[in-house]
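Numbering (our numbering), first residue to last: 52 to 432. Ideal Cβ positions, reconstructed from N, Cα and C, are used throughout, including at glycine. See structure below.
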Amino acid sequence: MKNNPRIAFIGAGLGGTAGAGLMAKAGFNVKVYEQAPAFARMGAGIHLGPNVMKVMRKLGIEDELNRTGAHPDYWYSRDGITGDVMAQIPLGDYAVSHYGASYLTVHRGDFHKLMTDALPDGVLEFNKKLSEIEDRGDKVVMKFTDGTVEEADFVIGADGINSKVRESLLGEELPIYTGYVAHRAVFPTPVDSGALPFDMCCKWWDGDRHMMVYFVTSKKDEIYYVTGVPVESWDMNKSWEPCTKDEMRETFKGWHSSVQALIEGTQEVTRWPLLERDPLPVWSRGRLVLLGDACHPMKPHMAQGAAMAIEDAAMLTRCFQELGFTDHEAVFNLYKANRAERASKVQLVSHNNTWLKTNENPDWCFGYDVFEVPLVESEKQ
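Structure below.
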């Protein structure tokens with residue numbers, strides 16, 4: 052094996068971009084192939100807990116992120132009807148002093164742009180939709196729909212829930228529709244907030260549905276909500292569909308006036324299926340390995356799905372640094388041994404949708420440091 056083998060990421064989402072950035076900083080020879088023609092500032096927000104911000108520190112974008120996003124003082128959980136506080140989890144200055152990094156909410160597009168801008172020139176290639184992948188034992192050959200062919204020594208599937216790399220490992224299989232959808236909307240913060248001022252980060256709960264709300268800019272001039280609402284069926288040929296204010300009004304009829312103010316302030320709202328997969332029996336085979344939604348997609352109800360992909364990317368980088376490139380099977384086994392249990396726990400808690408509904412200690416999640424946690428020994432897959 053050459054001293055600096057070619058490492059290819061399929062997919063430049065948050066996990067793939069983080070992984071490419073970390074590996075480039077480690078001096079690895081890395082490329083990222085992304086099927087989209089370009090990235091746009093799409094309408095979604097994201098939580099970045101201290102567990103993620105420590106990775107951003109390593110990438111050199113922590114300070115800029117802190118200037119870009121909002122810093123909630125607490126995570127509130129409120130009764131969707133009465134507005135009563137059900138839980139109040141300290142963040143803000145407490146997160147910095149207790150966990151060693153800040154807790155942010157930010158626009159997903161702004162976050163993604165900071166990460167992609169931090170990549171070295173020539174690492175990221177657009178318009179590269181994977182059509183075929185073949186592990187030939189001594190290398191991996193990738194064919195793209197634009198007719199080009201590329202080779203790499205290792206390929207990391209960071210290509211999401213419908214991963215082509217996962218399909219090559221385990222065969223074609225549709226993800227599982229959970230029976231829930233998420234409504235998503237980003238819009239200018241309404242002047243009228245109802246009977247309560249808008250909390251910087253609040254999850255409203257009642258019965259079988261919820262609405263998570265937070266600011267996505269440091270100026271608090273944009274606000275975002277994402278819901279979890281039961282819907283019996285979904286056309287799996289659609290990745291999302293538009294929604295209307297009338298549907299939102301009906302879905303949250305009778306809810307607190309602050310929720311109604313958000314719905315009335317909405318300019319555009321979309322509806323997305325919440326999909327999962329059962330834990331995969333393998334995360335790698337040969338020279339192919341998976342991370343993020345390609346191997347453990349989950350409901351967004353802990354606001355930790357992207358965090359798990361980013362932690363995966365950091366741990367995989369660490370395992371390469373720990374063991375080198377001569378025995379990639381050992382590297383991939385060590386990676387899975389140090390990620391599968393945590394990812395599965397987050398996946399389960401997210402599925403059950405109980406996270407911070409009542410006051411609980413989130414240290415196991417927010418206090419995790421992927422660079423400092425002791426490594427556990429691996430078992431062969």
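From the DSSP output, which residues share a beta bridge with residue 193?
Position 142 of the sequence shown, counted from the first residue, corresponds to residue 193. As a beta-bridge residue in DSSP terms, residue 193 pairs with 184, 201.
Three-way DSSP call (helix, strand, coil) for residue 451 in this model:
The structure shown does not extend to residue 451, since the chain spans only 52 to 432, so no value can be given for it.
So residue 267 and residue 237 are supposed to be a Cβ contact under 8 Å. How far apart are they, rounded?
For the purposes of this step, residue 267 is taken as residue 216 along the sequence shown, with counting starting at 1. For the purposes of this step, residue 237 is taken as residue 186 along the sequence shown, with counting starting at 1. Cβ-Cβ separation between residue 267 and residue 237: approximately 6 Å, consistent with a contact (criterion under 8 Å).
Using a Cβ-Cβ cut-off of 8 Å (strictly less than) and excluding sequence neighbours within five positions of residue 421, which residues of its own chain qualify?
Locating residue 421 in the sequence shown gives position 370, counting from the first residue. Excluding residues within five positions, the ones whose Cβ falls inside 8 Å are 102, 105, 106, 362, 365, 366, 369.
Residue from 95, 55, 88 whose Cα sits closest to the Cα of residue 357
For the purposes of this step, residue 357 is taken as the residue at position 306 of the sequence shown. Check the Cα spacing between residue 357 and each of 95, 55, 88: the tightest is with 95.
Going by beta-carbon coordinates alone, are residue 322 and residue 283 separated by less than 9 Å?
What you label residue 322 is simply residue 271 of the sequence shown in a count that begins at 1. What you label residue 283 is simply residue 232 of the sequence shown in a count that begins at 1. No. Outside cutoff.
To the nearest angstrom, report how far apart residue 73 and residue 65 are at their CA atoms.
Counting from one through the sequence shown, the residue named residue 73 turns up at place 22. Counting from one through the sequence shown, the residue named residue 65 turns up at place 14. Rounded to the nearest angstrom, the gap between the Cα atoms of residue 73 and residue 65 is 12 Å.
Bridge partners for residue 127 per DSSP, in chain order?
Within the sequence shown, the letter at position 76 stands for residue 127. In the DSSP output, where bridge partners are listed per residue, residue 127 has 139, 253.
Determine the closest residue to residue 176 out of 197, 146, 183, with distance taken between C-alpha atoms.
Taking the first residue of the sequence shown as position 1, residue 176 is located at position 125. Comparing Cα positions, the closest option is 197.
Output needed for residue 277: all residues of its chain with C-beta closer than 6 Å, excluding positions within five of it in sequence on either side, in chain order.
As a working note, residue 277 is residue 226 in the sequence shown. Result list for residue 277: 233, 235, 263, in chain order.
Here's a check: name, in chain order, each residue in its chain whose Cβ is nearer than 6 Å to the Cβ of residue 52, leaving out the five neighbours to either side.
As a first step, residue 52 must be located in the sequence shown, where it is residue number 1. Since pLDDT at residue 52 reaches only 47, below the 50 mark, its modelled position is unreliable, and the value read off the structure follows with that caveat. Here the set comprises 376, 377.
Please say whether residue 201 and residue 84 have beta carbons closer to each other than 9 Å?
Locating residue 84 in the sequence shown gives position 33, where the first residue counts as 1. Locating residue 201 in the sequence shown gives position 150, where the first residue counts as 1. Yes, the pair counts as a contact, with Cβ atoms nearer than the cut-off.
Compute the distance between the beta-carbons of residue 167 and residue 240, then report whether it is under 9 Å.
Here residue 167 is taken as the residue at index 116 of the sequence shown, counted from 1. Here residue 240 is taken as the residue at index 189 of the sequence shown, counted from 1. Taking the C-beta atoms as reference points, residue 240 is found no nearer than 9 Å to residue 167.
Through-space distance from residue 214 to residue 306, alpha-carbon basis
Within the sequence shown, residue 306 is the residue found at index 255, counting from 1. Within the sequence shown, residue 214 is the residue found at index 163, counting from 1. Answer to the nearest angstrom: the Cα atoms are 38 Å apart.
Strictly by DSSP, which residues pair up with residue 331?
Position 280 of the sequence shown, counted from the start, is the residue given in the question as residue 331. Paired residues: none, contrary to the question.
With H, G and I counted as helix, E and B as strand and the rest as coil, what does DSSP make of residue 424?
Here residue 424 refers to the residue found at position 373 when the sequence shown is read from its first residue. Residue 424 falls in the coil class under three-state DSSP.
With a threshold of 16 other CB atoms inside 10 Å of the CB of residue 188, please say whether the residue is buried or exposed.
In the sequence shown, counting from the first residue as 1, residue 188 sits at position 137. The residue is exposed, with fewer than 16 neighbouring Cβ atoms inside 10 Å.
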